[in-house]
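Trainee:
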Amino acid sequence: MSDLKGLARAAQIYRGRHERAKEIKAGGGKVAGYFCCYPPLELMTSLDYMPLRILGDMNEPLTEADTYLPTAMCCFYRSVLDTAMKGRFDFIDAFIGAHACDGAERVSYIWKSYLKSPCSFYLDVPHTNHAASIELFKKQLMYLGEELEKTAGKKANREMLKQAVALHNKQRSLVRRLYSLNKGDPPLMSGSEILQVLIAIMCIPAVEGNALLEEVIEEVKVRAGGPKQRKGRILVWGSLIDDIALTGLIEDCGLNIVIDDTAIGTRSFWVDVDETEDPFDGLAIRYLDKVVCPRTFRDTKQTRMEDLDNRFGYLKKMVKEWNVNGVYFNIIRNCDIHGYEIPELRDYLEGIGLPVLVIEQDYSTTALEPLRTRFQAFAENIG
Amino acid sequence: MEEKKKKKSSAKTLQTAREAGYFGKKMLAGTRQAYEEGKPVAWSMVDWWMGSTITKAMGIELCYPENYGAFCASVRKAEPNLDYAESDGVPNTICGYARNCIGYTRKLKENNFIIPEDSPSGGMPKPLFLLACGAVCDARYKWFQSLGRYMEVPVWTLEFPQTGVNEYFMGDNKKDNIKFMVQELREFIAFLENLLGKKMDWDNLSGKLDTFFKTHELAHKVDLLRKSVPSPAVCTDFWSIMIPHLYMPEDPEALDFYQRVYDEVKYKVDNKIGAIPNEKYRMLFGELPPWHTLGIFDEFAEKYGVAFAFESWNYHVPSPLPDDERYGINDPLELIARYSYHKFNEHAQVAREQCMEPTLFTAPYMKFVKDYKADGLFCHPLISCRPATYTLMHVRNLLMEKFKVPSVVVEGDIVDLRVFNEEEAHSKMEAFIETMDHYREVRKKEGFEW
Amino acid sequence: MFFAGIDIGSTITKVVIKNEEGILVSTAQPTGAEHRRLAHEVIKGALKKAGLTFDQIDFIVATGYGRINVPFADAQVSEITCHMRGVSWLFPGVSTVIDIGGQDCKGIKVAGGRMRNFIMNDKCAAGTGRFLEVISDTLGLKLEDIGEISLRSDNPAGVSKTCTIFAEQEVLLRLSEGVSVEDILAGLHKALAGRIHSMVSKIKIEKDVVITGGGAKNAGLCKYLEERIGFPVLIPSEPLITGALGASILAQEMAAKTSADEQVKKERKLEAVTFFDKED
Numbered sequence: 002m003s004d005l006k007g008l009a010r011a012a013q014i015y016r017g018r019h020e021r022a023k024e025i026k027a028g029g030g031k032v033a034g035y036f037c038c039y040p041p042l043e044l045m046t047s048l049d050y051m052p053l054r055i056l057g058d059m060n061e062p063l064t065e066a067d068t069y070l071p072t073a074m075c076c077f078y079r080s081v082l083d084t085a086m087k088g089r090f091d092f093i094d095a096f097i098g099a100h101a102c103d104g105a106e107r108v109s110y111i112w113k114s115y116l117k118s119p120c121s122f123y124l125d126v127p128h129t130n131h132a133a134s135i136e137l138f139k140k141q142l143m144y145l146g147e148e149l150e151k152t153a154g155k156k157a158n159r160e161m162l163k164q165a166v167a168l169h170n171k172q173r174s175l176v177r178r179l180y181s182l183n184k185g186d187p188p189l190m191s192g193s194e195i196l197q198v199l200i201a202i203m204c205i206p207a208v209e210g211n212a213l214l215e216e217v218i219e220e221v222k223v224r225a226g227g228p229k230q231r232k233g234r235i236l237v238w239g240s241l242i243d244d245i246a247l248t249g250l251i252e253d254c255g256l257n258i259v260i261d262d263t264a265i266g267t268r269s270f271w272v273d274v275d276e277t278e279d280p281f282d283g284l285a286i287r288y289l290d291k292v293v294c295p296r297t298f299r300d301t302k303q304t305r306m307e308d309l310d311n312r313f314g315y316l317k318k319m320v321k322e323w324n325v326n327g328v329y330f331n332i333i334r335n336c337d338i339h340g341y342e343i344p345e346l347r348d349y350l351e352g353i354g355l356p357v358l359v360i361e362q363d364y365s366t367t368a369l370e371p372l373r374t375r376f377q378a379f380a381e382n383i384g
Numbered sequence: 003m004e005e006k007k008k009k010k011s012s013a014k015t016l017q018t019a020r021e022a023g024y025f026g027k028k029m030l031a032g033t034r035q036a037y038e039e040g041k042p043v044a045w046s047m048v049d050w051w052m053g054s055t056i057t058k059a060m061g062i063e064l065c066y067p068e069n070y071g072a073f074c075a076s077v078r079k080a081e082p083n084l085d086y087a088e089s090d091g092v093p094n095t096i097c098g099y100a101r102n103c104i105g106y107t108r109k110l111k112e113n114n115f116i117i118p119e120d121s122p123s124g125g126m127p128k129p130l131f132l133l134a135c136g137a138v139c140d141a142r143y144k145w146f147q148s149l150g151r152y153m154e155v156p157v158w159t160l161e162f163p164q165t166g167v168n169e170y171f172m173g174d175n176k177k178d179n180i181k182f183m184v185q186e187l188r189e190f191i192a193f194l195e196n197l198l199g200k201k202m203d204w205d206n207l208s209g210k211l212d213t214f215f216k217t218h219e220l221a222h223k224v225d226l227l228r229k230s231v232p233s234p235a236v237c238t239d240f241w242s243i244m245i246p247h248l249y250m251p252e253d254p255e256a257l258d259f260y261q262r263v264y265d266e267v268k269y270k271v272d273n274k275i276g277a278i279p280n281e282k283y284r285m286l287f288g289e290l291p292p293w294h295t296l297g298i299f300d301e302f303a304e305k306y307g308v309a310f311a312f313e314s315w316n317y318h319v320p321s322p323l324p325d326d327e328r329y330g331i332n333d334p335l336e337l338i339a340r341y342s343y344h345k346f347n348e349h350a351q352v353a354r355e356q357c358m359e360p361t362l363f364t365a366p367y368m369k370f371v372k373d374y375k376a377d378g379l380f381c382h383p384l385i386s387c388r389p390a391t392y393t394l395m396h397v398r399n400l401l402m403e404k405f406k407v408p409s410v411v412v413e414g415d416i417v418d419l420r421v422f423n424e425e426e427a428h429s430k431m432e433a434f435i436e437t438m439d440h441y442r443e444v445r446k447k448e449g450f451e452w
Numbered sequence: 011m012f013f014a015g016i017d018i019g020s021t022i023t024k025v026v027i028k029n030e031e032g033i034l035v036s037t038a039q040p041t042g043a044e045h046r047r048l049a050h051e052v053i054k055g056a057l058k059k060a061g062l063t064f065d066q067i068d069f070i071v072a073t074g075y076g077r078i079n080v081p082f083a084d085a086q087v088s089e090i091t092c093h094m095r096g097v098s099w100l101f102p103g104v105s106t107v108i109d110i111g112g113q114d115c116k117g118i119k120v121a122g123g124r125m126r127n128f129i130m131n132d133k134c135a136a137g138t139g140r141f142l143e144v145i146s147d148t149l150g151l152k153l154e155d156i157g158e159i160s161l162r163s164d165n166p167a168g169v170s171k172t173c174t175i176f177a178e179q180e181v182l183l184r185l186s187e188g189v190s191v192e193d194i195l196a197g198l199h200k201a202l203a204g205r206i207h208s209m210v211s212k213i214k215i216e217k218d219v220v221i222t223g224g225g226a227k228n229a230g231l232c233k234y235l236e237e238r239i240g241f242p243v244l245i246p247s248e249p250l251i252t253g254a255l256g257a258s259i260l261a262q263e264m265a266a267k268t269s270a271d272e273q274v275k276k277e278r279k280l281e282a283v284t285f286f287d288k289e290d
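Chains as they are written, first to last, in the working numbering: chain Z, 2 to 384; chain W, 3 to 452; chain F, 11 to 290.
Here you go:
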């Protein structure tokens with residue numbers, strides 16, 4: 002274990018994302034790697050699997066991906082598979098793929114064909130939030146639990162699951178507190194710092210993650226020398242950013258990232274799991290219905306405006322609470338889920354007076370510099 | 003100069019295939035006529051689980067924007083629609099069918115929902131609702147949802163469970179999936195009843211289902227006949243004759259048509275008449291074709307004696323539902339659910355035997371390659387369609403690893419001819435002929451049957 | 011007072027020096043590999059032309075993709091903002107700016123001299139001057155001639171490819187089919203205009219439209235773009251310098267805001283220049 006604390010510790014974990022997981026393995030523990038926001042962490046934690054979010058690597062040149070995935074596929078999942086084929090995740094004891102989107106779905110399958118973990122499971126996630134979908138999803142979660150139990154060498158009873166729910170709910174409320182520190186101007190944390198903390202807690206056990214979050218909150222609350230006041234207070238919307246090279250570039254151009262709606266940011270933490278009698282009910286409802294991502298289809302409402310508010314209304318709330326004056330759409334190239342949403346959400350936000358910057362990026366640090374002009378021009382003309 | 007100009011469309015080898023265009027026209031004209039008469043019309047995705055049959059049983063006429071996209075591409079009229087969609091902020095990386103439809107819908111709206119006169123094949127009339135589908139790809143519900151900016155009509159997403167290979171065999175998973183599908187179908191019918199203010203006509207539905215299954219059974223028999231050497235029909239035939247079974251299998255005319263297709267193919271098999279004059283190589287095609295340049299397959303046949311013996315798993319009907327799954331099922335919705343689930347999972351056993359995933363788009367090729375004695379696979383990764391492309395390299399690796407069958411990869415698109423390089427396709431194919439020769443030898447040495 | 015704007019683009023570096031009255035001089039020369047040295051040289055050249063010394067310049071704004079390599083600049087501003095400002099100054103009624111540069115293509119939406127929106131082409135060269143460069147090389151023609159040549163065609167060849175490499179192959183194919191160079195060029199310009207139009211349409215093209223950058227010097231491209239847009243477009247007499255002009259206008263504004271320590275600022279600038287003189 003490290004002597005570093007708070008933000009410094011978060012940065013350390015961020016840089017060596019798999020070190021803690023490997024230490025845990027060396028100590029006889031187990032690690033479960035999972036895709037996106039949909040496999041319930043509580044199932045892993047309750048069986049003493051350390052949940053490890055599987056991410057790609059924007060710094061790693063793609064050398065293996067082309068053999069398995071044509072170039073027009075999702076750039077993020079191409080990187081995920083590329084690093085996995087190079088052995089980066091060979092140490093995990095369980096692989097949990099998920100039907101988060103076409104990319105996650107197909108890459109889960111291909112992963113399972115070539116990389117054999119002691120346990121592997123593909124979690125189907127229905128596209129609708131109908132009652133029947135939640136019921137089916139609950140059953141899928143129970144199959145996942147059973148599969149994990151086989152290699153965990155133990156069974157999880159309701160009590161254990163409920164404890165895990167409480168533990169992860171605590172983590173969620175800490176993350177929300179962390180974000181609330183950015184409501185003032187200037188914000189107390191940079192987008193890069195928040196990203197480092199969130200990635201860090203996705204790479205260590207929940208108990209340690211909660212301790213880290215508490216340290217960071219205490220440190221940041223009283224800090225001097227956080228981000229400078231900048232003209233732009235922006236919200237980042239999109240699938241995800243998992244490298245500070247990108248957040249750093251944005252902030253370098255005169256924009257403060259104060260809040261986000263992305264899969265490594267608020268989407269993973271914004272809502273709690275209800276503490277239901279049968280914990281699987283709470284899990285199914287939370288992970289299928291309450292996690293907000295354009296991948297989930299919500300039945301159309303009576304009018305156009307009601308429909309848009311139903312799909313995007315939460316963003317208006319974020320914009321108000323965090324005093325946002327611009328929105329950046331971070332589109333990882335070939336992302337269909339977010340791609341179809343662009344004209345709709347752009348008009349919706351511009352309709353409330355917010356400028357929107359849309360960039361399709363290639364998920365590679367070497368391709369970032371040409372984007373500087375766009376961020377800079379956006380910053381020069383904001384506010 | 004004129005004679006050098008290449009023919010872009012395919013001449014097709016079956017007489018019935020040349021006639022199949024009728025069904026596309028019938029479908030579009032039918033919806034336009036219904037619209038004129040004030041009857042309900044809807045747009046539907048190819049739903050693969052008979053949501054469209056249910057919709058038609060309620061008296062709604064359907065047309066299919068995916069088919070319309072393929073049609074616009076085949077007559078090379080898609081570009082203006084693609085441009086018009088892109089200029090509204092839609093990324094140029096999303097589905098070509100979708101961009102064609104989004105551009106079309108935008109024009110339709112701007113023309114006060116009077117179909118613009120220059121619309122290919124007469125165009126699609128304004129729908130009462132949009133029937134999206136959760137099977138196969140995200141575009142097929144996100145795209146319809148995104149049309150909300152042009153027309154305020156409800157979207158219904160008919161969800162489809164998508165299980166993994168091991169998961170398919172777990173406990174009661176299959177039962178749970180089918181139960182879910184039945185529930186979703188009931189919800190859908192409730193939606194339709196509410197929308198139209200009338201009740202489902204169950205007798206009408208069961209009549210339609212009857213014809214549906216008969217059409218599919220004949221289509222499947224045609225698929226089986228195509229195992230013969232030489233190939234009695236090729237990919238360009240299939241991509242025409244599929245229109246009736248994909249879009250209107252419950253139409254008695256479709257059933258009659260398939261009887262004629264069957265007869266024509268059977269006659270060719272019985273008399274050993276090949277689709278192409280001098281079949282030297284048999285290839286598979288994965289997955290969706292370059293609609294704008296189908297003539298290229300005629301050229302491959304002529305130049306190299308390549309017959310595309312089988313293709314496009316997703317467009318084919320499944321084998322008939324096994325008796326033990328059909329027996330004692332009285333609820334038509336359960337029958338629909340079982341049959342549709344079967345379509346997507348009938349190759350799960352093959353996948354399990356080969357220790358690979360997934361069943362969809364991949365495992366079927368492990369079977370086709372043997373059944374159709376394929377010498378090679380033509381992979382057509384699409385710039386704008388990820389779901390039909392994600393697993394192509396995977397299929398390619400598996401065919402080589404497990405069957406010593408090589409593949410040639412030519413990138414392109416279903417609709418966007420701007421990204422398809424015909425010259426490249428020709429030079430790659432030329433080189434690939436030698437590769438196929440080589441692997442024939444390899445297979446022979448290793449004791450494969452073909 | 012004197013103000014300078016320096017725009018280091020991917021192929022051409024431009025300088026504008028102005029005072030409160032208007033533009034004094036403008037220069038343009040090819041951008042080499044060494045931006046820093048070049049920045050120094052072009053500004054020296056412009057100063058000479060204007061009969062000024064370096065000390066007399068009160069404020070310098072650098073822009074263009076090489077802007078970070080201008081150590082003596084007082085500020086750096088993105089070329090999007092600079093083009094918008096430069097064009098607005100020349101054409102106060104402008105609503106849409108289409109800038110066709112060597113490596114990129116931009117559409118900028120302006121209202122009342124303020125930027126409302128912008129769009130830039132992707133990493134691909136397809137909608138840019140680079141596309142025409144490759145094609146003129148393939149055909150063995152001079153870049154500055156191909157626009158005129160394309161106008162001689164009354165039967166533009168069908169060019170479907172937008173990818174630069176594919177289009178190059180398509181050109182060779184058309185040549186082998188005996189299609190004339192005029193018709194091929196007309197087809198290519200039409201295709202390029204279509205691509206640019208489609209991209210810029212995302213921010214809605216509205217009157218007045220001004221075309222700038224190297225592409226504006228290509229009469230064929232402008233004609234086909236005008237056809238697609240459907241109404242006449244405006245082209246500045248010197249379409250290359252609008253970015254540098256915008257930068258010099260911003261320099262003037264920024265100088266007005268910079269009240270204290272001007273002398274110190276000038277000292278720093280001189281040091282920077284001396285440093286590069288030594289490196290020479």
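Cβ coordinates follow ideal geometry from the N, Cα and C atoms, glycine included. Quick caveat: nothing in here was measured; it's all calculated off a predicted structure.
Let me see if you follow: with CB-CB separation under 9 angstroms, is Glu158(F) close to chain Z or not?
Mentor: no
Trainee: When we look at the beta-carbon of Ala132(Z) and count the other beta-carbons within 10 Å, is it buried (16 or more) or exposed?
Mentor: Under this definition Ala132(Z) is an exposed residue.
Trainee: Contact check, Met368(W) vs Gln351(W) under 8 angstroms by CB: the rounded distance?
Mentor: So it is not a contact: roughly 11 angstroms between Cβ atoms.
Trainee: Determine whether the Cβ of Glu345(Z) lies closer than 9 angstroms to any Cβ atom of chain F.
Mentor: no
Trainee: Just tell me which of Pro246(W), Phe299(W), Ile298(W), Arg388(W) has its CA closest to the CA of Thr18(W).
Mentor: Among Pro246(W), Phe299(W), Ile298(W), Arg388(W), the Cα nearest to that of Thr18(W) belongs to Pro246(W).
Trainee: Straight-line CA distance for Val87(F) to Leu162(Z)?
Mentor: 55 angstroms
Trainee: Looking at Val410(W) and Phe450(W), is the spacing between their C-beta atoms short of 9 angstroms?
Mentor: no
Trainee: Note down, in chain order, each residue of its chain lying with its Cβ closer than 8 angstroms to the Cβ of Leu116(Z), except the 5 sequence neighbours on either side.
Mentor: For Leu116(Z), the CB contacts under 8 angstroms within the same chain, skipping 5 residues up- and downstream, are Ala85, Met86, Phe90, Asp91, Phe96 in chain order.
Trainee: If I'm right that Val157(W) touches Leu132(W) with Cβ under 8 angstroms, what's the distance once you round it to whole angstroms?
Mentor: 5 angstroms
Trainee: Which residue wins for smallest C-alpha separation from Lys28(W), given the options Tyr249(W), Arg78(W), Lys216(W)?
Mentor: Tyr249(W)
Trainee: So what's Lys87(Z) in DSSP terms, helix, strand or just coil?
Mentor: It is coil, neither helix nor strand.
Trainee: Answer with yes or no whether the minimum CB distance from Leu419(W) to chain F is below 9 angstroms.
Mentor: yes
Trainee: Short of 7 angstroms Cβ to Cβ, which residues in the segment 77 to 104 of chain F face chain Z?
Mentor: Val87, Ser88, Glu89, Ile90, Thr91
Trainee: Among Val271(W), Gly124(W), His344(W), which residue has its Cα nearest to the Cα of Lys79(W)?
Mentor: Out of Val271(W), Gly124(W), His344(W), Gly124(W) has the C-alpha closest to the C-alpha of Lys79(W).
Trainee: Quick check on Pro127(Z): buried or exposed, where buried means 16 or more other Cβ atoms within 10 Å of its Cβ?
Mentor: buried
Trainee: Can you find the residues in the same chain that come closer than 6 angstroms, C-beta to C-beta, to Tyr152(W), ignoring five residues on each side of it along the sequence?
Mentor: Annotation for Tyr152(W): Thr107, Arg108, Lys111 place their beta carbon closer than 6 angstroms to its own, counting only its chain and skipping 5 residues before and after.
Trainee: Against chain W, which members of the segment 329 to 342 of chain Z pass a CB distance test of less than 8 angstroms?
Mentor: Ile332, Arg334, Asn335, Asp337, Ile338, Gly340, Tyr341, Glu342
Trainee: Compare the C-alpha of Pro82(W) against each of Asn69(W), Ile62(W), Cys103(W) and name the closest.
Mentor: For the residues Asn69(W), Ile62(W), Cys103(W), the minimum Cα distance to Pro82(W) belongs to Cys103(W).
Trainee: Please confirm if Ile16(F) has its CB atom under 9 angstroms from at least one CB of chain Z.
Mentor: no
Trainee: So what does DSSP say about Cys115(F), is it helix, strand or coil?
Mentor: strand
Trainee: Rounding to the nearest angstrom, what Cα-Cα distance links Ala235(W) and Pro206(Z) in this structure?
Mentor: 59 angstroms
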